[in-house]
Amino acid sequence: MIDLKSLREDPDVARASQRARGESPGLVDRVLDADARRRALLTEFERLRAEQKEVSRSVGKASPEERSAILGRAKELSDHVKAAEADADRARDDLDRLVAGFPNIVLDGVPAGGEDDYVVLRTEGSPRDFAAEGFTPRDHLEIGELLGAIDTERGAKVSGARFYYLTGIGARLELALLNAAIDKALAAGFTPMITPTLVKPEIMAGTGFLGAHADEIYRLEADDLYLVGTSEVALAGYHSREILDLSAGPKRYAGWSACYRREAGSYGKDTRGIIRVHQFHKVEMFSYAPIEEAEAEHARLLAWEEEMLAAAGLPYRVIDTAAGDLGTSAARKFDCEAWLPTQGRYLELTSTSNCTTYQARRLGIRERTLSGTRPVATLNGTLATTRWLVAILENHQLPDGSVRVPEGLRGYLGGLEVLEPAAPVTA
0 MIDLKSLRED PDVARASQRA RGESPGLVDR VLDADARRRA LLTEFERLRA EQKEVSRSVG
60 KASPEERSAI LGRAKELSDH VKAAEADADR ARDDLDRLVA GFPNIVLDGV PAGGEDDYVV
120 LRTEGSPRDF AAEGFTPRDH LEIGELLGAI DTERGAKVSG ARFYYLTGIG ARLELALLNA
180 AIDKALAAGF TPMITPTLVK PEIMAGTGFL GAHADEIYRL EADDLYLVGT SEVALAGYHS
240 REILDLSAGP KRYAGWSACY RREAGSYGKD TRGIIRVHQF HKVEMFSYAP IEEAEAEHAR
300 LLAWEEEMLA AAGLPYRVID TAAGDLGTSA ARKFDCEAWL PTQGRYLELT STSNCTTYQA
360 RRLGIRERTL SGTRPVATLN GTLATTRWLV AILENHQLPD GSVRVPEGLR GYLGGLEVLE
420 PAAPVTA
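Following this line, the structure appears as structure tokens:
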């Protein structure tokens, strides 16, 4: 959760963060009031309990004449202690509820505002001029169907809207991409992980995903388990309630998993193809780092993402996401968006977030230092996901419906250089 000590010492930082997110700064004052009440009631409980112990110890020393009055006082104090403890517990629960809904404090430099208030940090590569090449680009679904790579019709027949099959070369292309991502992670010192896709409520809540966007998550009510929308959740829970040794540097994992999202708030958006779907695969980087190294580690995660985009031969831009578009846990997030020719826009392919100590406080993850233990910083970033196929097919297509394989992926497809349509295509 948030650091209450820092909140008490400098509440204006938290108020500014709330305003940048477009949220009420009044939440800061409600938390401070609840914290003051909890501490006052806890102090009163401890005072009464100390007095109760003192009176109880005096019973054996009391004269017969005094004993009756002292026993009466002891019983009276016992009732007061029970009531004071109940009051302190209720105050603690009230504070916990408020703090559980308090988003992370955004870092200095994060743009204020909502979804459209991002800042473009840089643009890499130039979009192809299809007009100059003499043909109109096909969208990813048309290409995927020509290649026998994507089947959304049967996906909908079997599972409903926003489901699909990757078939033949489509399945091979995704596996090539994800294997390239694992190799990239290995080279950077990550430990590969195949992670659970079902997690307990306390792990899902600990990562901050059961807040404002809880309706995006699938829940198995009969088992009280949640389906993850990213392996970040399972990787964050991996070291929950543990004390880590980070003296040699950040501890890094790369999780490969299926991911599930309800897309409850996206009715009517990206309904064609596989841009926005309920199930996909992803390789996710996750790092536990000392708080002093968090910003440098964030820059490293972004650099590894950009290396993967370069391997896929995609023109892209990097944006600094505005505070109001950050998730509950993120203090800063950079997105990499690839150019999508048929829509004339950039499409998010990766994101990397610095969650500072927010998730670690909720999950009880600490590191041992020379002066004791303290919460660690957690960071995450996408190395590859199914959505990348959209950008790869559209950006590398040829007039006859075939697709040039990016050089960085050819080694994962047996040296294949061009994906050919299943049947001749009329341009």
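Heads up: the sequence shown begins at 0 in numbering that gives the first Met the number 0, then just goes up one per residue.
Yeah, the Cβ is synthetic: ideal placement off N, Cα and C, and Gly gets one too.
Please read all numbers here as calculations on a predicted model, not as lab measurements.
Checklist entry - Going straight from the alpha carbon of Thr-270 to that of Tyr-163, what length do you get? => result Straight-line spacing of the CA atoms in Thr-270 and Tyr-163 works out to 12 Å.
Item to check | Identified DSSP bridge partners for His-280 | outcome: Under DSSP, His-280 shares a beta bridge with Ala-257.
Checklist entry - Pick from Ala-247, Trp-255 and Arg-260: whose alpha carbon is nearest that of His-212? => result Distance from the Cα of His-212 is smallest, within the candidate group Ala-247, Trp-255 and Arg-260, for Arg-260.
Next on the checklist: What does the Cβ neighbour count give for Ala-82, buried or exposed, with the cut at 16 atoms within 10 Å?
Outcome noted: The C-beta of Ala-82 has fewer than 16 other C-beta atoms within 10 Å across all chains shown, which makes the residue exposed.
Item to check | Through-space distance from Val-80 to Asn-443, alpha-carbon basis | outcome: For residue 443 there is no data in the structure shown, the boundaries of the chain being 0 and 426.
Item to check | Extent of the continuous beta strand (DSSP E) to which Leu-348 belongs | outcome: Per DSSP, Leu-348 belongs to the beta strand (DSSP E) from 344-353.
Next on the checklist: Is the beta carbon of Ala-359 closer than 9 Å to that of Ala-376?
Outcome noted: With contacts defined as CB atoms closer than 9 Å, Ala-376 and Ala-359 qualify as a contacting pair.
Checklist entry - Near Arg-121, what residues of its chain come up, given a Cβ to Cβ distance below 8 Å and the 5 sequence neighbours on each side ignored? => result Closer than 8 Å at Cβ, skipping near neighbours: Arg-316 and Val-317.
Checklist entry - Hey, Ala-253 and Leu-176: beta-carbon distance below 9 Å or not? => result No.
Checklist entry - Per DSSP, Pro-374 forms a beta bridge with which residues? => result According to DSSP, residue pairing for Pro-374 in a beta bridge involves Arg-365.
Next on the checklist: Is it buried or exposed, Val-105, if we count other Cβ atoms within 10 angstroms and call 16 or more buried?
Outcome noted: Buried, because 16 or more other Cβ atoms sit within 10 Å of the Cβ of Val-105.
Next on the checklist: Let me check understanding here. Comparing Cα to Cα, which of Pro-405, Ile-142, Tyr-117 and Leu-300 lies closest to Asp-324?
Outcome noted: Residue Tyr-117 is the option with its Cα nearest to Asp-324.
Item to check | Given Val-58 as reference, the closest of Arg-46, Asp-107, Asp-222 and Lys-74 once Cα atoms are compared | outcome: The candidate whose alpha carbon is nearest that of Val-58 is Lys-74.
Item to check | Nearest to Glu-416 (by Cα), restricted to the options Leu-172, Glu-65, Lys-52 and Ala-111 | outcome: Selected option, being the one with the closest Cα: Leu-172.
Item to check | Exposure label - Asp-150; buried when at least 16 CB within 10 Å | outcome: By the 10 Å Cβ count, Asp-150 comes out buried.
Next on the checklist: Could you give the first and the last residue of the continuous alpha helix (DSSP H) run that contains Pro-289?
Outcome noted: For Pro-289, no alpha helix (DSSP H) segment is defined, and its DSSP state is neither H nor E.
Checklist entry - What three-state label does DSSP hand Val-197 in the structure shown? => result The residue asked about is misnamed: residue 197 is Leu in this sequence, not Val. Strand at Leu-197.
Item to check | Buried or exposed by the 16-neighbour rule on C-beta atoms within 10 Å, applied to Ile-391 | outcome: In summary, Ile-391 is buried, with 16 or more beta-carbon neighbours lying within 10 Å of its beta-carbon over all protein chains present.
Checklist entry - Thinking C-alpha only, which one of Pro-102, Thr-42, Ala-19 and Val-119 is nearest Asp-86? => result Here the closest residue by C-alpha is Thr-42.
Item to check | Cβ neighbour criterion (16 or more within 10 Å) applied to Phe-134 | outcome: Here Phe-134 is exposed. Its C-beta has fewer than 16 other C-beta atoms within 10 Å.
Item to check | Coarse secondary structure for Asp-334, derived from DSSP in three states | outcome: Looking at Asp-334 - three-state DSSP - the assignment turns out to be strand.
Checklist entry - For the stretch 277-289 against the stretch 233-253, are there 3 or more C-beta pairs whose distance is under 8 Å? => result With the rule of 3 Cβ pairs closer than 8 Å, the stretch 277-289 counts as touching the stretch 233-253.
Next on the checklist: Please give the ranges of any beta strand (DSSP E) in the stretch 82-142, keeping only runs that are unbroken, at least 3 residues long and fully inside the region.
Outcome noted: Entirely contained in the stretch 82-142, the beta strand (DSSP E) runs reaching 3 residues are, in chain order, 118-123.
Checklist entry - Exposed or buried, which one is Lys-332 when buried takes at least 16 other CB atoms within 10 Å? => result Result: buried.
Item to check | Beta-carbon contacts of Pro-195 that lie in its chain and below 6 Å, excluding the five residues immediately before and after | outcome: Around Pro-195: Ala-233.
Next on the checklist: Within 10 Å of its beta-carbon, does Val-198 have 16 or more other beta-carbons around it, so buried, or fewer, so exposed?
Outcome noted: Buried is the call here.
Item to check | Cβ neighbour criterion (16 or more within 10 Å) applied to Thr-320 | outcome: Result: buried.
Item to check | Collapsed DSSP secondary structure at Phe-189 in the structure displayed | outcome: Look at Phe-189 here: in three-state DSSP terms it is coil, with no helix or strand label.
Item to check | Assigned secondary structure, Leu-6 (DSSP; H/G/I helix, E/B strand, else coil) | outcome: Of the three classes helix, strand and coil, the one that applies to Leu-6 here is helix, per DSSP.
Item to check | Reference Asp-115, options Gly-207, Arg-20, Leu-339 and Ile-181, closest by Cα | outcome: Measuring from the Cα of Asp-115, the nearest candidate turns out to be Arg-20.
Next on the checklist: Going by DSSP in three states, Thr-42 sits in which element: helix, strand or coil?
Outcome noted: Reduced to three states, the DSSP call for Thr-42 is helix.
Checklist entry - Does the pairing of the stretch 286-304 with the stretch 91-105 give three or more beta-carbon distances under 8 Å? => result By the Cβ test, the stretch 286-304 is not in contact with the stretch 91-105, since fewer than three Cβ pairs between them sit closer than 8 Å.
Checklist entry - Hey, quick one: how far does the alpha helix (DSSP H) through Val-389 stretch, first residue to last? => result Start and end: 387-394.
Checklist entry - Distance, Cα to Cα, Arg-344 vs Trp-338? => result The straight-line gap from Cα to Cα measures roughly 6 Å.
Item to check | Beta-carbon proximity check, Ala-130 vs Leu-408, cutoff 9 Å | outcome: Taking 9 Å as the Cβ cut-off, Ala-130 and Leu-408 do not qualify as a contacting pair.
Checklist entry - Nearest to Ala-247 by CA position, among Tyr-225, Arg-29, Pro-289 and Glu-241, is which residue? => result Comparing Cα-Cα distances from Ala-247 to each of Tyr-225, Arg-29, Pro-289 and Glu-241, the minimum goes to Pro-289.
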